[in-house]
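Colleague: To start, I am sharing the structure in question, which I have written as structure tokens.
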Amino acid sequence: MTVKVHARTDWRAVWHLIKPYWSSEEKWRARGLLAAVIALALGMVYLDVLFNAWNRDFYNALENKEYDAFKEQLWRFSYLAFTYIAVAIYRVYLTQALEMRWRAWMTRQYLDEWLANQAYYRIEQTRSADNPDQRIAEDLNFLTSGTLTLSLGLLSAVVTLVSFVGILWSVSGPLSFMLGAREVTVPGYMVWFAVAYALIGSALVWMIGKPLVLQNFNQQRYEADFRFGLVRIREYAEAVALYRGEAQEQSQLDSRFERIRRNWWEIMRTTKRLNVASNFYAQFAIIFPFLVGAPRYFSGAITLGGLMQISSAFGHVQEALSWFINAFSSLASWKASVNRLAGFHAAVTAARTQSAGIAVTRNNVGAILIDGVTLHLPAGTPLTAPISADVRAGQRILVTGPSGCGKSTLFRTIAGIWPYGEGAIEIPAQAKLLFLPQKSYLPIGTLRAAIAYPAQEKAYKDLAIRHYLEVCMLSHLTEKLDEADNWSQRLSPGEQQRLAFVRALLARPDILFLDEATSALDPASEAALYDAVLRELPEAALVSIAHREAVAKYHSIRWQFVHEPQALDKLVHAAAGLRYTIRASQLPTP
């Protein structure tokens with residue numbers, strides 16, 4: 025998937041990401057914390073103004089050798105310093121509290137949207153956003169912390185500029201020089217020097233550091249891809265080991281890390297050029313006010329205290345004007361995270377609001393009605409011809425056909441997670457449906473929680489769980505209900521499929537869909553599980569996808585996926601390949 029990063033920031037998209045929290049149910053607490061943080065930030069600027077005046081008085085006392093004034097300024101510095109320390113500590117503390125509250129709220133919202141209407145599933149099907157885990161875990165963190173840090177830093181810079189530019193204007197005085205035959209006088213000349221100095225530095229830093237935005241964007245993406253590859257090896261450790269696929273996995277991980285390494289070297293080269301400019305700018309700024317203020321000091325126009333006050337005021341004005349320079353690296357990373365979150369938010373919104381070509385509704389008929397459903401691939405290619413069928417209470421239906429013909433896709437469509445296609449499906453209003461896929465999902469946690477999923481851990485009594493564990497030939501697990509583990513790694517594929525049947529027997533659905541749910545079992549175990557389902561759920565409808573013909577004896581109806589007749593639409597066949605349709609037939613009674 026190609027990702028395009030715009031050099032310009034869409035501030036409406038940024039505001040759309042930031043605004044919801046500040047108008048949410050937590051808005052008053054959030055605004056109160058923000059007001060406190062802003063007040064402390066402004067308090068620090070006010071203390072800087074007091075320190076600036078202290079510089080003048082302290083160095084004047086040194087120059088005049090006034091010991092009493094010297095001691096007085098030491099005491100003054102002490103209480104100013106202690107106040108500054110307390111304000112600085114609580115500014116950081118309250119900022120961190122606000123960051124975590126904002127991040128927690130944003131994380132809950134994004135998780136809700138990502139999981140709602142199977143948006144996570146549709147995003148994976150369409151590949152409309154890469155690494156959603158990284159965007160929720162890391163980009164949201166950087167959005168909240170970066171937004172607060174940068175916005176509060178900008179606010180402090182503006183207030184500092186307003187506070188100190190007047191001081192610098194008054195204490196620096198005018199500068200007179202001859203321009204040809206005319207005498208030119210520049211009032212508050214240090215202010216103009218500071219403005220020109222900051223503008224030149226900002227323009228230089230922007231030109232040098234502009235590539236960092238795309239480089240940081242790519243770095244976050246490559247890091248997430250590499251981390252995902254490592255997690256995949258953990259998840260499929262046994263399969264990799266059995267295939268002796270270590271060399272191939274090593275090659276893929278090396279390839280993914282190579283992208284990280286190459287991009288990191290690009291970041292290093294850009295950062296080196298940026299540091300050359302910014303460090304030279306920062307170091308020269310230390311001596312610059314002394315260079316331009318020295319003539320007036322040595323002429324006797326200002327005292328040593330006045331020169332130090334000019335230096336301090338110039339430093340604050342220059343630092344305020346240089347906010348962009350000092351924050352450029354953080355801005356680049358922040359913009360990369362904002363771009364990724366904006367793209368992810370758009371993908372989630374599109375997935376949640378995607379109009380379903382196949383309408384799945386509830387009815388009062390008492391049967392699943394499939395009316396003229398045509399299944400499509402996500403790209404829009406038709407997979408089947410229009411299908412019409414029904415599933416009635418107590419029916420036993422076996423679905424067969426070649427791989428890739430749309431059997432599992434039909435199950436996904438009935439479940440309401442596959443919107444690609446046309447037609448309508450109606451499901452009984454009170455019917456409870458349960459789908460058992462070929463590879464069952466077992467959450468990490470206690471065995472009891474894995475069995476009860478998606479219900480709560482305490483949804484079923486231990487007596488019932490132990491009974492069905494024995495029915496499904498898993499009696500060796502009856503004493504491990506409270507053990508926490510990664511059960512998808514600990515249990516064999518056959519044990520996982522048997523555990524899924526325990527889940528089904530406990531849930532007691534009205535309609536049970538089995539998608540190759542016994543493919544990892546031996547014939548005897550498969551027969552035992554089907555016998556248990558028919559015995560324990562006699563009123564439930566059963567719809568099975570299976571390639572083994574031995575399963576047919578547990579069903580009375582066969583849905584055979586076959587190529588639709590060539591005479592239907594040869595042009596469609598030529599453009600999209602063969603399509604399938606269902607041919608229903610009765611199975612012999614065993």
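Plus 24 on top of the position in the sequence shown (first one is 1) and you've got my numbering. Note that beta-carbon positions come from the ideal geometry of N, C-alpha and C, so glycine has one too.
(1) Kindly indicate the opening and closing residues of the beta strand (DSSP E) around THR209.
(2) For LEU538 versus ALA556, is the C-beta spacing smaller than 8 Å?
(3) How is the alpha helix (DSSP H) around ILE438 delimited, first residue to last?
(4) Using alpha carbons as the reference points, say which of ILE421, GLY190, GLY367 lies closest to VAL575.
(5) Determine, using beta-carbon pairs with one atom in the segment 506-517 and one in the segment 466-477, whether at least three such pairs fall under 8 Å.
(6) Could you tell me if GLN272 is buried or exposed, where buried requires 16 or more neighbouring beta carbons within 10 angstroms of its beta carbon?
(7) Would you call the segment 430-437 and the segment 480-499 touching, i.e. three or more CB-CB distances under 8 Å?
(8) Taking C-alpha atoms, which residue in LEU493, PRO562, SER361, PRO410 lies nearest to VAL38?
(9) In whole angstroms, what is the alpha-carbon distance linking ASP395 and ARG386?
(10) Let me confirm a value: TRP442 is counted as buried when at least 16 other C-beta atoms fall within 10 Å, else exposed. Which label applies?
(11) Give the single residue among GLU148, THR184, LEU64, ALA128 whose Cα lies nearest to the Cα of SER169.
(12) So what does DSSP say about TYR604, is it helix, strand or coil?
(13) By how many angstroms is the C-alpha of TYR117 removed from the C-alpha of ASP278?
(14) How is the beta strand (DSSP E) around ASN387 delimited, first residue to last?
(15) Looking at THR398: is its Cβ nearer than 8 Å to the Cβ of GLY445?
(16) Beta carbon of LEU457, beta carbon of ILE449: below 8 Å?
(17) What are the complete alpha helix (DSSP H) segments, minimum 4 residues, inside the segment 443-496?
(18) In whole angstroms, what separates the C-alpha of GLN590 from that of PRO461?
(19) From which residue to which residue does the beta strand (DSSP E) around THR327 run?
(20) State the start and end residues of the unbroken alpha helix (DSSP H) segment that holds THR184.
(21) For ILE382, count the other beta carbons within 10 Å of its own beta carbon; 16 or more makes it buried, fewer makes it exposed. Which is it?
(22) Pick from LYS296, ALA59, GLN276, PRO211: whose alpha carbon is nearest that of PRO235?
(23) Please report the distance separating the alpha-carbon of PHE82 from that of TYR103.
(24) Just list the beta strand (DSSP E) runs in the segment 501-539, keeping only unbroken ones of 3 residues or longer that don't cross its boundaries, in chain order.
(25) Pick helix, strand or coil for GLY664, following the three-state DSSP scheme.
(26) Could you please give me the residues that DSSP links to PRO406 through a beta bridge?
(27) ARG80 and GLY330 - do their beta-carbons sit closer together than 8 Å?
(28) Is the beta carbon of ARG159 closer than 8 Å to that of PHE368?
(29) Taking the beta strand (DSSP E) that ASP414 falls in, what are its first and last residues?
(30) Compare the beta carbon distance of ALA227 and VAL341 with 8 Å and say whether it is the shorter of the two.
(31) Can you give me the start and stop residues for the beta strand (DSSP E) that ILE584 sits inside?
(32) Would you mind sorting TRP138 into buried or exposed? The rule is 16 or more other CB atoms within 10 Å of its CB.
(33) I'd like the ranges of any alpha helix (DSSP H) spanning at least 4 consecutive residues and lying wholly in the segment 335-385.
(34) Since I believe ALA65 is in contact with SER180 (beta carbons under 8 Å), could you give me their beta-carbon distance rounded to a whole number of angstroms?
(35) Going by C-alpha to C-alpha distance, which of GLN610, ALA356, PHE585 sits closest to TYR604?
(36) Relative to the alpha-carbon of ALA564, which residue among ALA121, PRO533, PHE166 has its alpha-carbon at the smallest distance?
Modeller: This is what the structure holds:
(1) Walking along the sequence shown from the start, residue 209 turns up at place 185. Per DSSP, THR209 belongs to the beta strand (DSSP E) from 206-210.
(2) On the sequence shown, residue 538 is found 514 positions in, with the first residue counted as 1. On the sequence shown, residue 556 is found 532 positions in, with the first residue counted as 1. Result no, Cβ atoms of LEU538 and ALA556 do not sit closer than 8 Å.
(3) For this step, residue 438 is matched to residue 414 along the sequence shown. Element bounds for ILE438: 431-439.
(4) If you number the sequence shown from 1, residue 575 lands on position 551. Nearest Cα to VAL575 within the set ILE421, GLY190, GLY367: ILE421.
(5) Three or more pairs of CB atoms, one per stretch, sit closer than 8 Å, so the segment 506-517 contacts the segment 466-477.
(6) Along the sequence shown, one-based indexing puts residue 272 at 248. By the neighbour-count rule (16 or more Cβ atoms within 10 Å), GLN272 is not buried but exposed.
(7) no
(8) Counting from one through the sequence shown, the residue named residue 38 turns up at place 14. The alpha carbon of VAL38 has as its nearest neighbour, out of LEU493, PRO562, SER361, PRO410, the alpha carbon of SER361.
(9) Position 371 of the sequence shown, counted from the first residue, corresponds to residue 395. Position 362 of the sequence shown, counted from the first residue, corresponds to residue 386. Their Cα atoms are separated by approximately 13 Å.
(10) Working through the sequence shown from its first residue, we reach residue 442 at position 418. Buried is the call here.
(11) Counted from its first residue, the sequence shown places residue 169 at position 145. Nearest C-alpha to SER169: ALA128.
(12) Translated into positions along the sequence shown, residue 604 becomes position 580. In this structure, TYR604 counts as strand in the three-state DSSP scheme.
(13) Against the sequence shown, residue 278 aligns to sequence position 254. Against the sequence shown, residue 117 aligns to sequence position 93. Our two residues, ASP278 and TYR117, have alpha carbons roughly 41 Å apart in a direct line.
(14) Counting from 1 along the sequence shown, the entry for residue 387 is found at position 363. Taken as a continuous stretch (DSSP letters only), the beta strand (DSSP E) holding ASN387 covers 382-387.
(15) Your numbering for residue 398 matches position 374 in the sequence shown. Your numbering for residue 445 matches position 421 in the sequence shown. Cβ atoms of THR398 and GLY445: closer than 8 Å.
(16) Locating residue 457 in the sequence shown gives position 433, where the first residue counts as 1. Locating residue 449 in the sequence shown gives position 425, where the first residue counts as 1. No, the Cβ-Cβ distance between LEU457 and ILE449 is not below 8 Å.
(17) 471-476, 486-495
(18) Along the sequence shown, read from residue 1 onward, the residue named residue 590 stands at position 566. Along the sequence shown, read from residue 1 onward, the residue named residue 461 stands at position 437. Per-residue confidence for GLN590 stands at a pLDDT of 48, beneath the threshold of 50, marking its modelled position as unreliable; the derived number appears in the next sentence. Between GLN590 and PRO461, the C-alpha separation is close to 32 Å.
(19) Along the sequence shown, read from residue 1 onward, the residue named residue 327 stands at position 303. THR327 -> no beta strand (DSSP E), and no H or E assigned at all.
(20) Here residue 184 refers to the residue found at position 160 when the sequence shown is read from its first residue. Element bounds for THR184: 164-196.
(21) Residue 382 sits at position 358 when you count from the first residue of the sequence shown. Counting Cβ neighbours within 10 Å, ILE382 comes out buried, since at least 16 surround it.
(22) Position 211 of the sequence shown, counting from 1, holds the residue named residue 235. It is LYS296.
(23) Here the question's residue 82 lines up with position 58 in the sequence shown. Here the question's residue 103 lines up with position 79 in the sequence shown. In a straight line, the C-alpha of PHE82 is about 15 Å away from that of TYR103.
(24) 535-539
(25) Look at the range of the chain in this structure, 25 to 614, and you will see that residue 664 is not part of it.
(26) On the sequence shown, residue 406 is found 382 positions in, with the first residue counted as 1. Note: PRO406 sits in a beta bridge opposite HIS400.
(27) For the purposes of this step, residue 330 is taken as residue 306 along the sequence shown, with counting starting at 1. For the purposes of this step, residue 80 is taken as residue 56 along the sequence shown, with counting starting at 1. Yes.
(28) The residue given as residue 368 occupies position 344 in the sequence shown. The residue given as residue 159 occupies position 135 in the sequence shown. Cβ distance < 8 Å, so PHE368 and ARG159 count as in contact.
(29) For the purposes of this step, residue 414 is identified with residue 390 of the sequence shown, where counting begins at 1. It spans 411-416 - the beta strand (DSSP E) in which ASP414 sits, taken as one unbroken run.
(30) In the sequence shown, residue 227 corresponds to position 203, counting from 1. In the sequence shown, residue 341 corresponds to position 317, counting from 1. Cβ atoms of ALA227 and VAL341: not closer than 8 Å.
(31) Locating residue 584 in the sequence shown gives position 560, where the first residue counts as 1. Reading the sequence as shown, one finds Gln at residue 584 and not Ile. That run of the beta strand (DSSP E) goes 581-587.
(32) As a first step, residue 138 must be located in the sequence shown, where it is residue number 114. Result: buried.
(33) Counting whole runs of 4 or more residues, the segment 335-385 contains the alpha helix (DSSP H) stretches 347-350, 352-377.
(34) As a working mapping, residue 180 is identified with position 156 in the sequence shown. As a working mapping, residue 65 is identified with position 41 in the sequence shown. Between ALA65 and SER180 the Cβ distance is about 5 Å, and since that is below 8 Å, they are a contact.
(35) Locating residue 604 in the sequence shown gives position 580, counting from the first residue. Across the set GLN610, ALA356, PHE585, the C-alpha of PHE585 shows the shortest separation from the C-alpha of TYR604.
(36) Position 540 of the sequence shown holds residue 564. The residue with the shortest Cα to Cα distance from ALA564 is PRO533.
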